[in-house]
Structure formats: C-alpha cells, structure tokens
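Chemist: If you're matching positions, the sequence shown starts at 67 in this note's numbering and goes up one per residue. Below you'll find the structure I mean.
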Amino acid sequence: MITVWDHRHLKLAREVASWSKDPRRKVGCFMVTKKHEPISYGYNGFPSEIDDSSDNLTNDDFRRKFMIHAETNAIRLGDRDRLRGATAYIWPFLPCQPCTSMLLGAGIDRIVTTEYAPEHWVSAFSDSKKVLGERVVIYQMSDIRQQTTPYDPAFPLN
Ligand SMILES: [Zn+2]
C-alpha cells in the first residue's frame with residue numbers, strides 16, 4: 067500500500083537523484099525507519115578519491131566500472147543498526163542485482179520505487195523484483211502524476 071509518507075519520501079529520493087553528476091542517469095535513494103525517521107540517502111557518483119571530471123564522467127566504460135550506485139552509497143552512509151527493518155525509496159527505478167543483494171544484506175525490509183525500466187535494465191530488474199518479492203512496492207507513474215506536476219521519468223528534474 068502506498069501512503070502519503072511513501073509519496074513524500076519518493077519525492078525526496080527524486081530530489082537526491084538530481085544531485086548526481088552522472089550525465090546519463092541520475093539515481094537517488096532515501097532511507098527511513100518504520101517510524102518515518104530519516105536514516106540515510108545516496109546518489110550515484112564516484113568515491114571522493116576519484117575525480118569527477120567530465121572526462122571520467124563521459125567515459126562510459128570508466129563510469130560503469132567505478133561509479134557507486136545510489137543504494138550502495140545510502141547503505142555506506144547509514145547507521146548499520148538503524149538500516150535493519152528500514153524502507154528504501156529509490157528513484158527512478160528498481161535496484162540492480164548487486165544493489166539488491168546489498169539492500170537485503172543490510173536488512174532493508176521494504177523498497178519503494180517506480181515502474182520505470184529502461185530497456186537494457188528490464189531483465190536485471192525482473193531478477194531483482196523476483197528476489198525482493200513482497201518487499202518491493204512499485205509506485206505507478208499515474209499515482210505520482212496525480213499528486214505532482216508531470217515530469218520525464220528518464221531524466222527527472224532536467
Ligand atoms: Zn545498483
């Protein structure tokens with residue numbers, strides 16, 4: 067079930083996604099406890115030791131190899147004990163397989179995201195969805211459109 071808190075937190079994940087410098091895809095993750103208390107957030111980016119120059123950011127091979135995904139960054143920055151049983155809001159789509167494992171390993175209990183799936187991610191997302199089972203809640207774009215202004219899910223806030 068989608069609550070007003072889900073809506074608010076998913077909007078925050080969208081906001082966090084906009085902070086990513088990745089020119090291709092901006093992903094955001096916002097995590098809260100069962101009582102809606104914020105725990106952590108993350109967006110996709112290089113570790114601070116790697117220069118986020120446009121050379122590195124536009125080199126697809128380099129970027130894929132060294133970029134930390136939003137979910138992994140949120141787990142990395144979150145307090146281990148508070149992550150157990152938490153909800154992760156991910157904008158704009160399901161976690162990839164390695165992030166799915168990281169989220170489960172960290173004890174994340176619920177994942178809220180949207181139905182958006184770029185074509186080359188469809189198969190990976192289908193695997194993630196299977197593994198996550200009832201932990202994942204898919205927010206329909208139509209639900210969001212009813213409550214916010216329209217946007218392009220592929221490039222939110224751009
Ligand atoms: Zn990932």
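Glycine is no exception: its CB is placed at the ideal position from the N, C-alpha and C atoms. Note that the coordinates shown come from a computational prediction; the quantities given were computed from them, not determined experimentally.
As a quick exercise: from Phe96, Arg201, Phe132 and Phe112, pick the residue whose alpha carbon is nearest that of Ser167.
Modeler: Ser167 has its Cα closest to that of Arg201, out of Phe96, Arg201, Phe132 and Phe112.
Chemist: When you compare each of Leu170, Thr153 and Lys77 to Met197 by their alpha carbons, which one comes out closest?
Modeler: For clarity, residue 197 is Val in the given sequence; the question names Met instead. Of the listed residues, the one whose Cα sits closest to Val197 is Leu170.
Chemist: Any heavy atom of ligand 1 inside 7 Å of the beta-carbon of His135?
Modeler: Yes - ligand 1 has a heavy atom lying nearer than 7 Å to the Cβ of His135.
Chemist: Inspect the CB distances between the region 185 to 193 and the region 133 to 149 and report whether three or more fall short of 8 Å.
Modeler: At 8 Å Cβ cutoff, the stretches do not touch.
Chemist: Count the other CB atoms, across all protein chains shown, that sit within 10 Å of the CB of Gly7; report buried if there are 16 or more and exposed otherwise.
Modeler: The shown model of the chain, from 67 to 224, leaves out residue 7, and the question about it has no answer.
Chemist: For Ser119, is the classification buried or exposed, using 16 other Cβ atoms within 10 angstroms of its Cβ as the cut-off for buried?
Modeler: The residue is exposed, with fewer than 16 neighbouring Cβ atoms inside 10 Å.
Chemist: Ligand 1 and Cys95: does any heavy atom of the ligand fall closer than 7 Å to the residue's C-beta?
Modeler: No, the Cβ of Cys95 stays beyond 7 Å of every heavy atom of ligand 1.
Chemist: By a C-beta neighbour count over all protein chains shown, 10 Å radius and 16 as the cutoff for buried, is Ser192 buried or exposed?
Modeler: Under this definition Ser192 is an exposed residue.
Chemist: Report whether the distance from the Cβ of Pro113 to the nearest heavy atom of ligand 1 is below 7 Å.
Modeler: Incorrect: Pro113 has no Cβ contact closer than 7 Å to ligand 1.
Chemist: My parser needs the alpha helix (DSSP H) runs of 4 or more residues fully inside the region 82 to 111; what are they?
Modeler: None, since the region 82 to 111 contains no complete alpha helix (DSSP H) of that length.
Chemist: Please report how far the alpha carbon of Gly111 lies from the alpha carbon of Lys92, in whole angstroms.
Modeler: The straight-line gap from Cα to Cα measures roughly 9 Å.
Chemist: Using the C-alpha atoms, what's the distance from Glu181 back to Ala220?
Modeler: At Ala220 the pLDDT is 45, less than 50, meaning the model places this residue with poor confidence and gives no usable figure here.
Chemist: So, helix, strand or coil for Arg150, using DSSP?
Modeler: Three-state result, Arg150: coil.
Chemist: Taking the C-alpha atoms as reference points, what is the distance between Lys87 and Lys101?
Modeler: Cα to Cα, the separation comes out at about 31 Å.
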